[in-house]
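A short worksheet on the structure shown next.
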DNA sequence: ATTAGAAAGTGGCTTTAGTCAACTATTTTT
DNA sequence: AAAAATAGTTGACTAAAGCCACTTTCTAAT
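Chains as they are written, first to last, in this note's numbering: chain A, 2 to 145; chain B, 2 to 145.
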């Protein structure tokens, strides 16, 4: 395993982290953080979502997650309902209001991404996206 | 500008952020955070580095940066020296000790990246890296 | 069947990260 | 020569995230 390869990947990691940071502009005005937006998104896609799943998925402390979810619940973005099979577990679902909140956050994130590719030729954007998909394809097996 | 393209890029952003997070294992034992490691790295490469440059580059508040640098200075990782031309400015340089600290951090980051590509075929790794370089190439003009 | 252990979730407390405003000391602009 | 801008520091504050102890429920091992 070439040390040079590792250096190139580290370089990309620095580059891409910073690039995402630079285009992270439209998120400041929101009452929810980027992390919270990701959590809402994950709740919306995953069904039978639980707090344990989320804290595991995002590598966040379960008590922290508990508080975030309590916050969401108070704001009416989600509802929690105890599982019939296992009464320790509460399934989490997005409410309509939660869906709207997510949409608002997602739209802002989209604006950021549009800013990121604005002015780049359509051909280049295609290459960009193909490259991204290639990376996902190659690394996906590694994240189980 | 296709909305679909934006969705695909957002998807990649989620994927890659999470992937980097999952392989961020060897950094817990260190007294310096990932951000601090990046700052040390930037100091090492950039010459005539200043606090203002760093807080601008990383989009971090200047007071926060000031404290981080003070910490580095106390730990003997950097030295600050007033510029001759402009006496508001202090140039920052890595000490030998700072270089060693950076190397330790960089080695740990390398281990993480090795874990990330471990088990992937050499051919695939080449495609991975080409894709990363393509992305850098396309987005580089956008970050000035 | 009983009990030891594990897992899900919560609450109190602390630490880490980052913001905001005020201030000093220089330099640049007008 | 003011006035405005820039570099950096400090103090007080807020937000993000983690640590630990606890309850409840379930699972596994006797």
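Where is the CB? At the ideal position from N, CA and C, for every residue including glycine. Because the structure is a prediction, the values reported are computed rather than measured.
If you measure between the beta carbons of residue i and residue j, is that distance less than 9 angstroms?
i, j, result
"residue 19 of chain A", "residue 13 of chain B", "no"
"residue 80 of chain A", "residue 140 of chain B", "no"
"residue 130 of chain B", "residue 6 of chain A", "yes"
"residue 35 of chain A", "residue 11 of chain B", "no"
"residue 17 of chain B", "residue 137 of chain A", "yes"
"residue 128 of chain A", "residue 135 of chain B", "yes"
"residue 106 of chain B", "residue 28 of chain B", "yes"
"residue 100 of chain B", "residue 24 of chain B", "no"
Residues of chain B with a CB under 7 angstroms from the CB of residue i: which are they?
i, result
"residue 110 of chain A", "11"
By the 10 Å Cβ neighbour count, where 16 or more other Cβ atoms means buried, how is residue i classified, buried or exposed?
i, result
"residue 1 of chain A", "Beyond the ends of chain A as shown, which are 2 and 145, falls residue 1 of chain A; an answer cannot be given."
"residue 26 of chain B", "exposed"
"residue 73 of chain B", "buried"
"residue 22 of chain A", "exposed"
"residue 9 of chain B", "buried"
"residue 83 of chain A", "exposed"
"residue 69 of chain A", "buried"
So which residues of chain A does residue i contact, with C-beta pairs closer than 8 angstroms?
i, result
"residue 135 of chain B", "128, 129 and 132"
"residue 101 of chain B", "Result: empty, since nearest Cβ-Cβ is about 18 angstroms, beyond 8 angstroms."
"residue 86 of chain B", "Neighbours of residue 86 of chain B on chain A: none; closest Cβ ~29 angstroms, over 8 angstroms."
"residue 125 of chain B", "139"
Cβ closer than 8 angstroms: which chain B residues qualify as neighbours of residue i?
i, result
"residue 21 of chain A", "14 and 18"
"residue 144 of chain A", "19, 20 and 23"
Just curious, the beta strand (DSSP E) that residue i is in, first and last residue?
i, result
"residue 81 of chain B", "79-83"
"residue 10 of chain B", "Premise fails: residue 10 of chain B lies in the alpha helix (DSSP H), 4-23, not in any beta strand (DSSP E)."
"residue 61 of chain A", "Residue 61 of chain A -> no beta strand (DSSP E), and no H or E assigned at all."
"residue 118 of chain A", "Careful: residue 118 of chain A lies outside any beta strand (DSSP E), inside the alpha helix (DSSP H) at 97-118."
Please work out which residues of its chain come closer than 6 angstroms, Cβ to Cβ, to residue i, disregarding the five sequence neighbours upstream and downstream, and give them in chain order.
i, result
"residue 93 of chain A", "44, 50, 79 and 81"
"residue 126 of chain A", "118"
Here's a check: name, in chain order, each residue in its chain whose Cβ is nearer than 8 angstroms to the Cβ of residue i, leaving out the five neighbours to either side.
i, result
"residue 63 of chain A", "52, 53 and 56"
"residue 95 of chain A", "41, 44, 45, 78, 79 and 103"
"residue 65 of chain B", "56"
Determine the chain B residues that contact residue i at a beta-carbon separation under 9 angstroms, and present them in chain order.
i, result
"residue 39 of chain A", "15, 18 and 19"
"residue 121 of chain A", "139, 140, 142 and 143"
"residue 60 of chain A", "19, 22, 23 and 25"
"residue 118 of chain A", "2, 6, 7, 10, 139, 140 and 143"
Kindly list, in the order they appear in chain A, the residues whose Cβ is closer than 7 angstroms to that of residue i.
i, result
"residue 69 of chain B", "Within chain A, no residue comes near residue 69 of chain B; the closest Cβ sits about 17 angstroms away, beyond 7 angstroms."
"residue 44 of chain B", "Simply none; closest approach about 14 angstroms."
Skipping 5 residues on each side, what residues in its chain have a beta carbon closer than 7 angstroms to that of residue i?
i, result
"residue 112 of chain A", "27"
Which first and last residues belong to the alpha helix (DSSP H) in which residue i is found?
i, result
"residue 129 of chain B", "123-140"
"residue 43 of chain A", "35-46"
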